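These notes are about the structure you will find just below.
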DNA sequence: TTGGCATATTCTTATATAGGAATATATTCT
DNA sequence: AGAATATATTCCTATATAAGAATATGCCAA
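Protein chains in written order, with this note's numbering: chain R, 2 to 108; chain P, 2 to 108.
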């Protein structure tokens, strides 16, 4: 079987570097497709396809403005990713503490 | 062109649901491969292959214990994912504030 | 050494892309 | 209506899997 569908969930969607770049760009503010094309230098059809994936998994929202489509990030969905990685938080804190303790022991 | 390689970075590695399940299981404590096979009911070769990917991107570490291999999560790498999603944190806080303000306005 | 347990790797196959090219759709302006 | 602008979709292709089956490798015990 092949890999899971990118449209199946947010984790798959952000696995693609260009999609992460688009999200980071949109984090600054709401933007029309053309701005993304210009800023990231990705072909317009490619940008539209990536936006479609991001939209399907709920990582962005859109609204029409004349003939332009304004995209913006949907923080709630990004938050769900953040929360999953956050479940491991106490482990890196442990590791950090161990490093600290070793450092302090040397003084 | 096809999708990026799963071994290229941690984002791709965690895009696979079974690999996330393995990481969550390992979060509890260091475990031999056999425990993962039993707990998650995934074929042993499949588990080994997933662990290989996780190891390649640095999401887990291993050490040998007799004929068993003990895997554990590498929190540092998971932290890097957490930090990326964290760059959007202020946006979901904004959204939350807006929801709050609306709710308060109704009282 | 031989047997056996634990894990890893190889090979094959079905499938899901991601990019490029070409085209379609939607909307505004004249 | 017809042209121009902005964005989306379709078609095609090369590629990277992920699972399954079979096999290889590493290590311990008798």
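Even glycine gets a Cβ: it sits at the ideal position worked out from N, Cα and C. Note that the coordinates shown come from a computational prediction; the quantities given were computed from them, not determined experimentally.
Which partner residues does residue i have in the DSSP bridge list?
i	result
residue 72/R	32/R and 63/R
Using 8 Å as the limit for Cβ to Cβ distance, is residue i near chain P?
i	result
residue 98/R	no
residue 59/R	no
residue 104/R	no
residue 52/R	no
residue 15/R	yes
residue 82/R	yes
Can you list, in chain order, the residues of its chain whose CB lies under 8 Å from that of residue i, leaving out five sequence neighbours each side?
i	result
residue 24/R	15, 55, 60, 61, 74 and 79
residue 48/R	23, 34, 37, 38 and 41
residue 51/R	17, 19, 20, 23 and 43
Under 8 Å, Cβ to Cβ, is there at least one residue of chain R near residue i?
i	result
residue 92/P	yes
residue 67/P	no
Which same chain residues, not among the five before or five after residue i, have their C-beta less than 7 Å away from its C-beta?
i	result
residue 70/R	33, 34 and 63
residue 28/R	74
residue 96/R	none
Can you name, in chain order, every residue of its own chain whose Cβ lies under 6 Å from the Cβ of residue i, other than the five neighbours on each side?
i	result
residue 31/P	71 and 73
residue 82/P	11
residue 100/P	none
Check: According to a CB-to-CB cut-off of less than 8 Å, which residues of the region 16-43 of chain R neighbour chain P?
Finding: Per Cβ criterion, the list reads 16, 17, 18, 21, 24, 25 and 28.
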